Amino acid sequence: MDKFWGYINPDGTVGTRNHLLILSSTIYSNGLAERVARSVYGAIPIIHPLGRAQTKSDIRFTFKTLVGTAKNPNIGGVVILDHFIEEGNTAEEIAEEVSKTGKPVEIINIRDSGGTLESTTKAIRAAMEIARKITLRRREEVPISKLLFGLNCGTSDTTSGLSSNPALGHCSDLIIAKGGRSILAELTELMGAEDWLASRAVNQGVADKIWKTIADFEQRILDTGEDIRGTNPTGDNIEGGLTTIEEKSLGAAKKSGTAPMQGVVDWAETPPNTPGVYLMATPGHGAESITGIAAGGSQLLVFSTGGGHTISHPIMPTIKVTGNPFSAGYMRDTMDLDVSDILEADLTIEEAGEMILKEVIEVASGKITKSEFLLEHNTGFAIHRIGMST
Amino acid sequence: MPKKTNFVVNEKDSVTTILQEGLEKGAKLEIKVGENSEFIELTDEVRYGHKIAIKQIKKGEKILKYGLTIGIANKDINVGEHVHIQNVESIRGRGDLAKGR
Numbered sequence: 041m042d043k044f045w046g047y048i049n050p051d052g053t054v055g056t057r058n059h060l061l062i063l064s065s066t067i068y069s070n071g072l073a074e075r076v077a078r079s080v081y082g083a084i085p086i087i088h089p090l091g092r093a094q095t096k097s098d099i100r101f102t103f104k105t106l107v108g109t110a111k112n113p114n115i116g117g118v119v120i121l122d123h124f125i126e127e128g129n130t131a132e133e134i135a136e137e138v139s140k141t142g143k144p145v146e147i148i149n150i151r152d153s154g155g156t157l158e159s160t161t162k163a164i165r166a167a168m169e170i171a172r173k174i175t176l177r178r179r180e181e182v183p184i185s186k187l188l189f190g191l192n193c194g195t196s197d198t199t200s201g202l203s204s205n206p207a208l209g210h211c212s213d214l215i216i217a218k219g220g221r222s223i224l225a226e227l228t229e230l231m232g233a234e235d236w237l238a239s240r241a242v243n244q245g246v247a248d249k250i251w252k253t254i255a256d257f258e259q260r261i262l263d264t265g266e267d268i269r270g271t272n273p274t275g276d277n278i279e280g281g282l283t284t285i286e287e288k289s290l291g292a293a294k295k296s297g298t299a300p301m302q303g304v305v306d307w308a309e310t311p312p313n314t315p316g317v318y319l320m321a322t323p324g325h326g327a328e329s330i331t332g333i334a335a336g337g338s339q340l341l342v343f344s345t346g347g348g349h350t351i352s353h354p355i356m357p358t359i360k361v362t363g364n365p366f367s368a369g370y371m372r373d374t375m376d377l378d379v380s381d382i383l384e385a386d387l388t389i390e391e392a393g394e395m396i397l398k399e400v401i402e403v404a405s406g407k408i409t410k411s412e413f414l415l416e417h418n419t420g421f422a423i424h425r426i427g428m429s430t
Numbered sequence: 007m008p009k010k011t012n013f014v015v016n017e018k019d020s021v022t023t024i025l026q027e028g029l030e031k032g033a034k035l036e037i038k039v040g041e042n043s044e045f046i047e048l049t050d051e052v053r054y055g056h057k058i059a060i061k062q063i064k065k066g067e068k069i070l071k072y073g074l075t076i077g078i079a080n081k082d083i084n085v086g087e088h089v090h091i092q093n094v095e096s097i098r099g100r101g102d103l104a105k106g107r
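As they're listed, the protein sequences go chains A and B.
Residue 41 is where the first sequence starts when you use this note's numbering, and the numbers rise one by one after that.
Residue 7 is where the second sequence starts when you use this note's numbering, and the numbers rise one by one after that.
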């Protein structure tokens, strides 16, 4: 299990998918993006409520996210839609960055096209040309070292820290041992696990950066006047049996396995090529976290969920794993993998980690997730923002 | 295969997590750690998701779960005793996060 079948891109990255992306650069082209995507074969729309009347720092966030998403190795070609001209996030600016990857990119502006229906026609025609090009592409066998994959958890319960998170950590260790990389995120969930993460850092610089990144995020929360740590662990957590913040956070951090912490990256920043775990600065909000990870170039994500989450990123296959037998039952249409035998029977954490690895390789090679089959394109894309609207 | 009564995540751990509701004081639980197994008597009534000690833990000693430190015992804890906020303190007191670094 050290290879998968992927699409080799002009820039040397490898996609686990070859998507035609219909990218809305502002909320005001969402309608066009949805109409185009549902009218044509195999297109995925990305829509969002931002890109207009944002503070400068937030418009940069939106821009970085849209560019990173379109540059993601899983994208074969892109049609970018725009309406107004919002400096710092225009379709032209996005296209300029994305075209550096060598993939086909087209821009359609609603006003410049002469209105809604004219832009629909133009966008569909542009999408058709791109689809005819990229559907010629074929999967090739590549080493697993080409994999950059995301780790995330949500709707966590007692089973998460005991079973699905440590099993995912073992899978991450196996992939990194073969030369791959993984991204740990969700800073809010790591308060209390800094010591352990920093002790795995490859050098003191990375250790310091781990402490600083988590502390800075906490400061941002404090600056709002809210102190989320005052209630962490929450009353519900304590009632459920969790005693301290470190117990809660270490349970979440265990999904990063034991491999070296190789570095810290910003939201939507692509980690360097050295194998290992990278910490990405994202909030605990599941959809925001995985949006940052996908915009950083991750080709696949494993989402560990005790309670049975429905989250799925539009262009980054999102494998959902549960260690809770009840969730494996009643959420069976969105759970891709059930590792509840860790707590129910004699499945070891290592064996469960190998099960996750097998699923990762199969999905990376083209097997679709349950959410992909159900066309759940809009349960896992949310752009983080810092400030207010202007 | 019967459902487990409890689960030890890592061989180094000093606690196990209870996986059954309604276990009463005096119940004998099989504790499996790797290939080894032993029986421990519950000295408290402990609910699903809560922890009991599987080793004698002295006051001031670390409590280990996932093979990692989740807190410090603020009194001696006997084998089979409920391990929770009444006998464990977080080492991550408020504000020490950025300081001391």
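All C-beta atoms in this analysis are idealised placements derived from N, C-alpha and C, irrespective of residue type, glycine included.
Source: prediction; values computed, not measured.
Taking 8 angstroms as the CB threshold, Ile46 of chain B stays off the interface with chain A. A distance below 8 angstroms separates the beta carbons of Ser296 of chain A and Ser212 of chain A.
Taking a Cβ-Cβ threshold of 9 angstroms, the residues of chain B close to Pro206 of chain A are Val15, Asn16, Tyr72, in chain order.
Excluding five sequence positions before and after Glu412 of chain A, the CB atoms of its chain that fall closer than 8 angstroms to its own CB belong to Ser352, Pro357, given in chain order. In the three-state reduction of the DSSP assignment, Thr274 of chain A falls in the coil class. Exclusion of the five residues before and after Leu214 of chain A leaves Leu397 as the residues of its chain whose Cβ lies within less than 6 angstroms of its Cβ. Residue environment for Met41 of chain A: exposed (fewer than 16 other C-beta atoms within 10 angstroms of its C-beta).
When DSSP states are grouped into helix, strand and coil, Arg260 of chain A belongs to the helix group. The beta-carbon separation of Gln339 of chain A and Asn114 of chain A, rounded to 6 angstroms, stays under the 8 angstroms limit for a contact. Pairing Gly363 of chain A with Ser200 of chain A, the inter-Cα distance amounts to about 6 angstroms. If you check the CB distance, Ile223 of chain A and Tyr318 of chain A come in under 8 angstroms.
Here Asn313 of chain A is exposed, its C-beta having fewer than 16 other C-beta atoms within 10 Å. Within the DSSP bridge table, the entry for Ile120 of chain A names A:Leu63, A:Ile147 as partners. For Ser96 of chain B, the chain A residues whose C-beta falls within less than 7 angstroms of its own C-beta are Thr284, Ile285, Glu286, listed in chain order. CA-CA distance, His59 of chain A to Pro365 of chain A, rounds to 34 angstroms. For Asn16 of chain B, no alpha helix (DSSP H) run applies, since DSSP gives it neither H nor E.
By the rule that beta-carbons nearer than 8 angstroms mark a contact, Gly55 of chain A does not touch chain B. With a threshold of 8 angstroms between beta carbons, Thr198 of chain A makes contact with chain B.
For Val242 of chain A, the secondary structure class from DSSP, reduced to helix, strand or coil, is coil. A Cβ-Cβ contact shorter than 8 angstroms links Ala292 of chain A with Leu230 of chain A.
Listed in chain order, the alpha helix (DSSP H) elements of length 4 or more contained wholly in the region 145–209 of chain A are 150–153, 156–174. Residue burial is scored here from C-beta neighbours: Phe45 of chain B has fewer than 16 other C-beta atoms within 10 angstroms and is therefore classed as exposed.
For Leu74 of chain B, the number of other beta carbons within 10 angstroms of its own is at least 16, and it is reported as buried. Against chain B, a Cβ distance below 7 angstroms from Ile278 of chain A picks out Ile91. At a C-beta separation below 7 angstroms, Lys294 of chain A has these neighbours in chain B: Tyr72. For Pro206 of chain A, the closest C-alpha among the options A:Gln94, A:Pro273, A:Ser380, A:Gly117 is that of A:Ser380. At a cut-off of 8 angstroms between beta carbons, Lys31 of chain B makes no contact with chain A.
In this chain, Val379 of chain A is not harboured by any beta strand (DSSP E), its DSSP state being neither H nor E. In this structure, the beta-carbon distance from Ser185 of chain A to Gly219 of chain A falls below 8 angstroms. Scanning chain A for C-beta atoms nearer than 8 angstroms to the C-beta of Ile76 of chain B yields Thr283, Thr284, Glu286, Glu287, Leu290, reported in chain order. Taking every protein chain shown into account, the CB of Ile426 of chain A has fewer than 16 other CB atoms within 10 angstroms, so this residue is exposed. For Pro365 of chain A, the three-state secondary structure derived from DSSP is helix. Between Ala422 of chain A and Thr322 of chain A, the CB-CB gap reaches or exceeds 8 angstroms. Taking the C-beta atoms as reference points, Asn80 of chain B is found nearer than 8 angstroms to Glu95 of chain B.
Thr22 of chain B sits in a strand when the DSSP states are folded into three classes. Contact between Arg92 of chain A and Glu136 of chain A does not hold, since their C-beta atoms are separated by about 20 angstroms, which reaches or exceeds 8 angstroms.
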